[in-house]
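Taking it in order: structure first as structure tokens, then the write-up.
Residue numbers (the working numbering), protein chains in the order written: chain A, 1 to 323; chain B, 324 to 662; chain C, 663 to 812; chain D, 813 to 1478; chain E, 1479 to 1609.
In structure tokens:
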């Protein structure tokens, strides 16, 4: 990874010197070795630039704000394959000024979930270094080595494609790791097979954890509204907290519906949830439904139709075998 | 001071819960929360902190205030006069225990907040020393001693025992009711553990977080510092940090029409939100930078300015851990310390 | 029938049902049911919308929040939309919404879409009766209700 | 806060017999915003309306709720009442307590309770109503008629006579349509050409009419009063301006393989041809599929022989863009193909013909110059069997479910004409029912039976087969005689079912005008608005709306013209104010709404927005209020709720939901 | 046979055949196409008409039910999907099946069962003789 990071830095320098870009949206090294944060590097100053096993964050959504001003010159954004899907969506929905952005596709071999490492019992991590797939963790309680592949982010476990979309240039992307073998719909299928009350129990126990922090929404490249209905006092559904179980359900049902057909399955919602709610299972259910009911279409599923579409009653028929 | 073999901890819970409702941190569904004690409760003693802080007990996320009954042209106001049961919260860490003192300054200052006040009076806080602090902890920077947590009762879990020490009148009362279950214990039996924790705390990477800049610089200078221009850029504007924070105390008041009455309730708000401080003319804090700055100015400058130098942060590390994009107060403090 | 519980003459469950009807077909179908004196359950209350595609999932959830026990959407038959394509969008939206509700364990029988033309007064009344019967069988909606509205 | 008046109508006993109207009025009085409440026997009567008007004045009402019959009945009435009393007509809501309540419930308590709830919902809505103003748009004083048959010609003439410009677009090389192919017309038996061709000439010469023959509508945009239409004028390879119609070219053309469409393919024509003698325009067209010049590059005889140098092989399709205020659809009909009906042997035997082919065979200008002869051996048939309902009233999917309406009459006409011209011919007609409602229609049919001795057999033909000696054996049942009979016939004429013209479906989509499953255009109201399509500004003339004979077609053509004239006579059009509105402060410009709008009413503009927090230039949606029809599809496609529908806002519908779900009986 | 019994049988014929006689528009095309018309006392359209009117006795007693070739041309030609042949078949079944003399009961089956008897034959016999 370090080598890749260095090469990216060189590439950035080259593009800056050529006057192609004025700023860079990348990751900045954190305090503990695992907390690299999205950062805008300006004036060619790449101090603390990093691209490491913890650069999981998708940077595409920052482009809404960063590309707004024509006078600022072009910003370079570093995009992993799955980041580009959201980027493409933002472009398609006119949410970014594409002409002010230089999108650089960079390789990704899967990103690490620090919470998973912590949950395995490692505490007090103060420094992390990488040696190929091994992470060397320096902690307050001693040193430890772990294999990166055992602690990948959930979204990386179901990595479905290394395809880059809407990029200006691809950089070293042949160094991408393989996609995952794991079927991304497996979890959804498992849930579908449950009985109605089991499903209800499952989602209750998950959604009751929701603290309505809006992290899932704010990180989502499909949730790019200037003003969300849930923030708009005139919408009739605005709320700042879940007063009860209904509001927990409402928020997540409506959010899933609003991104239905537009969700690119980048997995950021589940990554950022402080309460570890598997939010991607809602969105992925829609992706699965759309695939099954409407096949592959270019247009977002809810923005188009065919005259032969299935009737809503298909929902009752499909559910017949599991009451 | 009393002690009890750790494997008999449920005996302790049982005894407490006979006297008052008891809340204990448990692992549930991939998260750590407080749960009302029942015989199936398994205390998550190896988890340092719950995801949401203990402030929920005194300043819950949603609090009913009143109801309005409309009938024709008349409005009847029914104040919420909920009877709170007394309760005890077990396993509160030193940082959260300190956070109540900070919240007290806000909610108990005249005019006192009746809901908070009543809950504070009814609640017994049983704190637990931090045997194994984490790297995100920096409570010591605020003079908090995780080896000697405050609270109505403090406990230490060490060497196969749980040690119990009452600190306040409320604590003594509770102890009096349950002391039969304990074994006697020397006061100095835990000194070794305390020293051990203290020693580990010395290794906390930001245990001595440098706050000199905030302490010594004029607030206008901090406010206009160019450092803010950079460090906020990763901020998504979500409310995660404020909702997990034990000291954030902002709330909004909203109404809900349930068909019979209009219910007025208050719920947590977040200064990270774009409509926070929104007024008729618009919003004085127009950009995320301003919102981001506000949060940290409040915690590290405005609050101490108005409260004898007490920071509105207890170093619990929750925001460090929960921020989706890994921004946090430590990074802010660090950014200024290098300035 | 619940005498075994010792409850005497418990008040019969009266479901609250909202029927969103498009102005051009289903609302007219309801009018036809009315002028044909084709009775249907009084538990059904109609809200008129210009087209079934006006119906936002939020309206449906709101109804359940406020205590509705069933929500039925009625629109022109696919292909007959007054606005030519509105009900095709309705069909997709509601298929996906209902699928999600089902996935979250909310009884799928509580929501329904029916295509009822302006000429189908009899179908309107039969559908509403049948739906009301179904909801009555299901009983009070609990999974998607808001306790404050009880 | 609104000041709302509630008016509960008894509708005589229609409502009052089942709903306790006094109680409804009383209960609704305590609803938020309600300051006045009353009941009255007939709210829609003049007295009732006066009651409303004076209440509006006396109580300074800002909104009213009328609990009465369906809004589809009297919403307009009460809006007008409100308007006359000085409040905005869109501050009126109707609670439908008749169709939805008193008429379907028997129990007074139940019905009253429901009426109260419906009233509450209406009050809740009115509380959030805002005054709406109808938009205005100018009207282009020009009409487009699509189809140049008798329907189109008549409509165009009537509109043109009223002083408005009209363009006729006809896909064939000549106007005239099906009627031009007919021999005589029932029930008067006057010659079709004699009554049609003068009209064709009149249309061609009318100063207000422009003909686009051999042309098709390519694209329709816009809306009532302001349609933008693109017309494709197909290349005919003959310059219309130069051609004198001398016919020199057609006689010189060496290609003879083309089938003469006008004569139903019963004879041939040249590759360059004029469809028929009285064609308008009298200009030939080149059938490139047959033309040797187009196929091989050699020939060009027509060009060489043309005295006026009008033949132009390099001609290209032309496109004409024109603006219209109104569009009339007059696409007419066709007959179904009969390959699915093997029992009648149409595909097997030359002497089994359709009625339209028979029409040409009888016509003096037809392939046999008016002498009735069999297509197979040109012998005069001695026995002719007519079969009715071939493919009509057929639910098997092979034909059409409907009655084609015209067959009974034209079959009687054919039978009668045959017997008149060739009295030695035996004529049999198999019928299921003889349907002859219409002025002098049944008399006409009876004349065929009584005066001309046509044998009408109640029954149906089951099989037509060849006896091997040049005769067609027609086996059918005679239900009245309770026997199965076999007729040795020389010719069989099938009354094939009619169908909407093939071009109709495509056109319907272009016009966003709705159609039934048979591809007939739907009228805006089956009884009260029979010549208007539900799409404003689009009118229907003739068979395209459903089976019709000539008198009916001409009547409808005139009616459609009257509607068009009524529209074009206006300088400005008022549009439905219940249309979508985009809140630019919230809109993200994502284009989702645009994608679901069936009318193309949404566009985007870089707009300065300032919500008090953010001030920026942003891409936001703009609704063209004259184009928007107010379906609301966009409002749901918009995730942020920036798009709302006036008159049916999110808040209003939420309020109705809340009111209905509200607990009662506290 | 009383009138009621006859009506019952008619109803049964309609159930067996699945025919909805009200769809018939009395065009007679079935009979017009019937190759066995002259052999039959009652013709396809009459079967439809009479069964719908509750007159099945005459049909059951008539040789027409055996003259029908079951060629289904009437079904094929009917413009309204009425299926006259099916109704004839139903009348035939009603006539044949209750003629109890040859009826098998399950007890008798084991006596005639041998390895050479195809199972299908037995099933057919059951069906045919045990209405």
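Note that CB positions come from ideal geometry on N, CA and C, so glycine has one too.
Reference residue i; option with closest CA among the options
i	options	result
residue 118 (chain A)	A:266, A:3, A:146	A:146
residue 612 (chain B)	B:354, B:469, B:552	B:552
residue 991 (chain D)	D:1017, D:964, D:981, D:976	D:964
residue 915 (chain D)	C:783, C:725, C:687	C:783
residue 1042 (chain D)	D:960, D:1061, D:1130	D:1130
residue 135 (chain A)	A:4, A:244, A:34, A:292	A:34
residue 214 (chain A)	B:367, B:566, B:578, B:399	B:566
residue 103 (chain A)	A:237, A:77, A:96	A:77
residue 472 (chain B)	B:627, B:442, B:610, B:637	B:637
residue 644 (chain B)	B:371, B:359, B:341, B:344	B:371
residue 396 (chain B)	D:841, D:869, D:1165	D:841
residue 674 (chain C)	C:694, C:698, C:705	C:705
Distance between beta carbons of residue j and residue i, contact taken as under 8 Å
i	j	result
residue 124 (chain A)	residue 458 (chain B)	5 Å
residue 469 (chain B)	residue 417 (chain B)	4 Å
residue 751 (chain C)	residue 1469 (chain D)	Going by Cβ atoms, the distance from residue 751 (chain C) to residue 1469 (chain D) rounds to 21 Å, so no, they are not a contact pair.
Residue-chain proximity (residue i, chain D), Cβ-Cβ < 7 Å
i	result
residue 1542 (chain E)	no
residue 739 (chain C)	no
residue 729 (chain C)	yes
residue 1506 (chain E)	yes
residue 226 (chain A)	yes
Min CB distance residue i to chain A below 7 Å
i	result
residue 1434 (chain D)	no
residue 757 (chain C)	yes
residue 591 (chain B)	yes
residue 1466 (chain D)	yes
Proximity test, Cβ basis, 7 Å: residue i and chain C
i	result
residue 244 (chain A)	yes
residue 880 (chain D)	no
residue 1337 (chain D)	no
For residue i: DSSP bridge partner residues
i	result
residue 565 (chain B)	Partner(s): none; residue 565 (chain B) has no beta bridge.
residue 1267 (chain D)	D:1240
residue 1316 (chain D)	DSSP, once it has assigned bridges, lists no residue as partnering residue 1316 (chain D).
residue 23 (chain A)	A:42, A:75
residue 1296 (chain D)	D:1289
Interface flag, residue i vs chain B, CB-CB below 7 Å
i	result
residue 811 (chain C)	yes
residue 2 (chain A)	no
residue 209 (chain A)	yes
CB contact below 7 Å: residue i versus chain E
i	result
residue 1279 (chain D)	no
(request) Taking only beta carbons into account, state which residues of the region 34-64 of chain A come closer than 7 Å to chain B, listed in chain order. (result) So the close ones are 35, 36, 37, 38, 39, 40, 57.
(request) With 8 Å as the limit, tell me which residues of the region 452-463 of chain B have their beta carbon closer than that to any beta carbon of chain A; keep them in chain order. (result) 455, 456, 457, 458, 459
(message) If the cut-off is 7 Å on Cβ atoms, which residues from the region 1233-1244 of chain D count as contacting chain E, listed in chain order?
(response) 1244
(request) Report the residues of the region 1419-1450 of chain D with a CB closer than 7 Å to any CB of chain C, ordered along the chain. (result) 1441, 1442, 1443, 1444, 1445, 1447, 1448
(message) Residues of the region 546-576 of chain B in Cβ contact with chain A at a cutoff of 7 Å, in chain order, please.
(response) 556, 557, 559, 560, 561, 562, 563, 566, 567, 575
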